[in-house]
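A quick write-up on the structure given underneath.
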Amino acid sequence: MLAKTARNALSKQAKSPFRFRGCLNAKRDAPRMLTRSATTTATLPLPASHEDTDVIALFDQPQQPQWSTALNFTGLFNYPSLSTPLAFNALADSTLRRAQLLTERVLRARESRPELFKVVKNLDRLSDLLCGVIDLAELLRNAHPDRAWVRCADEVYEKLCEFMNILNTHVGLHEVLHAVLSDPEVVKSLTLEAHQTALIFWRDFEKSGIDLPPEQRSRFVSLSTEIMLLGRKFVNETTSARPPAIIKPVELQGIKDMGMGARLRLQAQFTQRDLLVYPGSLQAQMIMRSAPAEGPRRKLYMAANTSTPEHIETLENLLHARGELARLVGKSSFAHMTLADKMAKSPENVQRFLDSLMDYTRPYARSALRTLSMRKQAHLNTAPFPIIQAWDRDYYCPPEPPAPPVKLPPLTLGRVFMGLSRLFQNLYGVSLRLADVAPGEVWHADVRKLEVVDEETGVLGWIYADLFARRGKPSGAAHYTVRCSRRTDDDDLEGDLRDADEHDRALIKMSCDFEAAHRRQFPGQEGTFQLPLVVLLCEFTRPSISRGPTVLEWHEVMTLFHEMGHAMHSMIGRTEYQNVSGTRCATDFVELPSILMEHFLSSPTVLSLFDSDGSFAIRQTGHHEEDPCSSIDTHTQILLAALDQIYHSPAVLSSGFDSTAALAKLSETRGLIPYVPGTSWQTQFGHLFGYGATYYSYLFDRAIASRVWRKLFAHDPLNRRTGEKLKKEVLRHGGGKDPWAMVSKLLDAPELATGDAEAMAEVGRWKIEDEVSMPGRH
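One gets our numbering by counting positions in the sequence shown from 1 and adding 13 to each.
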């Protein structure tokens, strides 16, 4: 009920079942105005400021320390209490005791009518109290290079999550919340956001089997544990190496790749033996794209998509346990249980969306497949239109790395951050500024700190950027919300401590000091707010004196824009409750701001923001061609989303359920490329664990983001009025408003406001093929 930690995302967002989720005035140098070109209607960008060039230096010359020698040694994130792992453990103990006291206060709420009016606020505070430490632990266990810190973070995470799990199934808390929602006077006193937060708590209690008799509740807990263990086992098996394909030297004849292909041929000639090529390796990728002979490509495809019976059994046990869990709480399937509080609302509505999207996409995908068939016909001199097999896709349409729509000079990391800052300033009046780092404030010397500043109200929060690859650091990119925004001036700490003794007061002081940091009142706004802290993790190449600054590939630029979309959602979100702050919103809504950010990279006007002084030679290269096979990839994603729904339908509880047979049937009835007997690709579908029944979300948000881009921004991407509309109608509210209402208002589409089956189908009819983002990025 009370906690969802905010490591984003569909961008790696770690979730706990408890919804205790989980949390200076400055001006820009340039004036804010809407300057328009004499020959176009597009808004001209504001000029770069000195602060923008400071951002370039911060990331392009990282050998210079960011911290000031005038600053005293502190702890992580400038919390003096977090200077050692032992101190972190002490903070966890202090937080745990304080959470227990607050829980006891909520449980007594029915004894005092004024306390009933504070229950929703206090539940949200309890959530924030725990998540403020759990989210920090989640970051440290993934990012800190010191094993002592990692071990401590693991202990803290498990200790506080164990308490959260108790709260998730706490009958007393559920009864108090029931009393609140059953009292018309109390309900009437709740703001829209407070009521939304209360309903989140209520739905999460229901999902935790709170109404079940003791024996069934015990079964719910055991099934939840079983699902967690099976899920982790499934993901570990999914990412483990698969047996190699045996490739004969003669099968490599004709490979045009003069680099790796030539080395493989020489290796085969030198050793006079067959080659062992592992699925997913660079050698395998090269063969799939470059080997004219069908044989080695087929061998590698089979090796990559053949599973052990044990791995299939793990997946099917996971799916069955989820189905049983849903039945236990009165739902017909895990999808019905999961989707009730999402934009989709039901698996039937998801199917409407997928069917509509499939109807739109299929003609384009078939046309692309016909092109591939003609290429195969010409290559093999066959009869017209030979069948494209699964191992033919990459050979006849090799995946091309994404490229910018115009010719650009090399983009350094600093220039990209400067461009981001200038984009945010043009759209929202918000900029990124260099911030000093105190010794001990960050976990690695690579970490850079930016403050996010609104031109009217000052500092909104801070972004810590840990962007360079290093040993032991997780691969990929992620956005962590270490602390959410929320209102704090009405917290009533003294009310929590009314029955606390001196020992308790001394014990919880550390937690109180930790929570009280990073707060401020915004000019012209009521209340004091906790400022958000977010962390971006990437694995870019580290700059050096010999190589110079980090130069990003285009897909890395896209990744950074995507993750900064999440970060700005966290920063601009201004809600009174942390449970609905920023990225703490519905799974099928959370990717909208980040995917929309990728669309800005399709605009030459936006790309000009990377140029601070006119030294760039940005040239239009003519019509920007998209990947001719992107429609095939979109079609494939639709099939995966459909498979995810099948795997979380009532069918999984039937005695004859066979995940491989279900995949084969879907491929044969709705696929473009024939299913290959003997393969079982589903064991590579790792998202089945983290995004069970919600894999459609990325396609769904792609469709909405494409619509928003075309309707609001494509013709004038730097228009401040449009940016303010996005900020006011979407980003500011986080999960505090119905996402359908937000999208409806943003697009001036009242027909979407109800979010019914027809609204889902309408989104499926929207065009997404022109999106610049790569399929599958989360």
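For each residue, glycine too, the CB sits at the ideal point set by N, CA and C.
These numbers were taken from a predicted model, which means no experiment stands behind them.
**Request:** Find out if the Cβ-Cβ distance for the pair Phe218, Leu190 is shorter than 8 Å.
**Result:** yes
**Asked** Residues in its own chain within less than 6 Å of Glu576 by CB, not counting five upstream and five downstream?
**Response** Ala490, His492, Leu549
**Asked** In chain order, what residues of the same chain lie with their CB nearer than 7 Å to the CB of His700, ignoring the 5 residues before and after it?
**Response** Tyr708
**Prompt:** Between which two residues does the beta strand (DSSP E) harbouring Cys174 extend?
**Reply:** Per DSSP, Cys174 belongs to no beta strand (DSSP E); it is in the alpha helix (DSSP H), 160–181.
**Prompt:** Nearest to Ala599 by CA position, among Arg560, Lys750, Leu685, Phe698, is which residue?
**Reply:** Lys750
**Item:** Trp215, enclosing alpha helix (DSSP H) - first and last residue
**Value:** 205–220
**Best match in Pro415, Gln74, Leu109 for proximity to Ile521 [C-alpha to C-alpha]** = Leu109
**Prompt:** How about Ala381 and Cys642: are their beta carbons less than 8 Å apart?
**Reply:** yes
**Asked** Sorted by chain position, which residues of the same chain lie with C-beta nearer than 7 Å to His187's C-beta, five sequence neighbours on each side aside?
**Response** Phe218, Ile223
**Extent of the continuous alpha helix (DSSP H) run through Phe713** = 709–721
**Boundaries (first-last residue) of the beta strand (DSSP E) holding Ile260** = 258–260
**Message:** Rounding to the nearest angstrom, what Cα-Cα distance links Ala774 and Ala357 in this structure?
**Reply:** 10 Å
**Message:** For Pro44 and Arg533, what's the separation of their Cα atoms in angstroms?
**Reply:** Note that Pro44 scores 28 on pLDDT, short of 50, meaning its location in the model is unreliable; the coordinates nonetheless yield the value given after this. Distance between the alpha carbons of Pro44 and Arg533: 25 Å.
**Prompt:** Rounded to a whole number of angstroms, what is the C-alpha to C-alpha distance between Pro309 and Ile300?
**Reply:** 7 Å
**Request:** Have a look at Val547, Val119, Ser107, Asn155 and flag the residue whose alpha-carbon is nearest the alpha-carbon of Ala482.
**Result:** Asn155
**Request:** Measuring only between beta-carbons, confirm whether Leu744 sits less than 8 Å from chain C.
**Result:** You won't find chain C in this structure, because it holds only one protein chain.
**Item:** Phe702 (DSSP reduced to helix, strand or coil)
**Value:** helix
**Message:** So, for Gln695: in the same chain, excluding its five sequence neighbours on each side, which residues have a beta-carbon less than 6 Å away from its beta-carbon?
**Reply:** Ser672, Leu676
**Prompt:** Under a three-way DSSP split, which group does Gly145 fall into?
**Reply:** helix
**Request:** Would you kindly check if the distance between the Cβ of Ala112 and the Cβ of Phe72 is under 8 Å?
**Result:** no
**Request:** Kindly give me the distance between the Cβ atoms of Lys486 and Glu552, rounded to whole angstroms, as I take these residues to be in contact under 8 Å.
**Result:** 7 Å
**Segment limits, beta strand (DSSP E) that includes Lys462** = 461–467
**Message:** At the level of alpha carbons, what is the spacing between Glu589 and Leu143?
**Reply:** 17 Å
**Prompt:** From which residue to which residue does the alpha helix (DSSP H) around Val776 run?
**Reply:** 770–777
**Request:** Please say whether Ala254 and Lys312 have beta carbons closer to each other than 8 Å?
**Result:** no
**Request:** Report the three-state DSSP secondary structure of Lys420 (helix, strand or coil).
**Result:** strand
**Asked** Closest by CA to Glu569, which one among Met350, Arg632, Pro423?
**Response** Pro423
**Asked** Should Thr238 be labelled buried (16 or more other beta-carbon atoms within 10 Å of its own) or exposed?
**Response** exposed
**Request:** Less than 8 Å between the CB atoms is what I'm expecting for Ala192 and Arg121, so what's the real figure, rounded?
**Result:** About 12 Å; that fails the 8 Å criterion.
**Message:** Given a cut-off of 8 Å on the beta-carbon distance, is the pair Phe702 and Val248 in contact?
**Reply:** yes
**Message:** Using the Cβ count rule (16 or more neighbours within 10 Å means buried), how would you classify Phe623?
**Reply:** buried
**Message:** Pull the bridge partners of Thr425 from the DSSP assignment, please.
**Reply:** Val564
**Item:** Pair within 8 Å by beta-carbon distance, Ile686 and Val776
**Value:** no
**Prompt:** Along the chain, where does the beta strand (DSSP E) that runs through Trp456 open and close?
**Reply:** Segment: none, Trp456 is in no beta strand (DSSP E) and carries neither H nor E.
**Message:** Looking at the secondary structure, which residues open and close the alpha helix (DSSP H) in which Phe629 lies?
**Reply:** Element bounds for Phe629: n/a, residue is neither H nor E.
**Prompt:** Helix, strand or coil: how does DSSP classify Gly595 here?
**Reply:** coil
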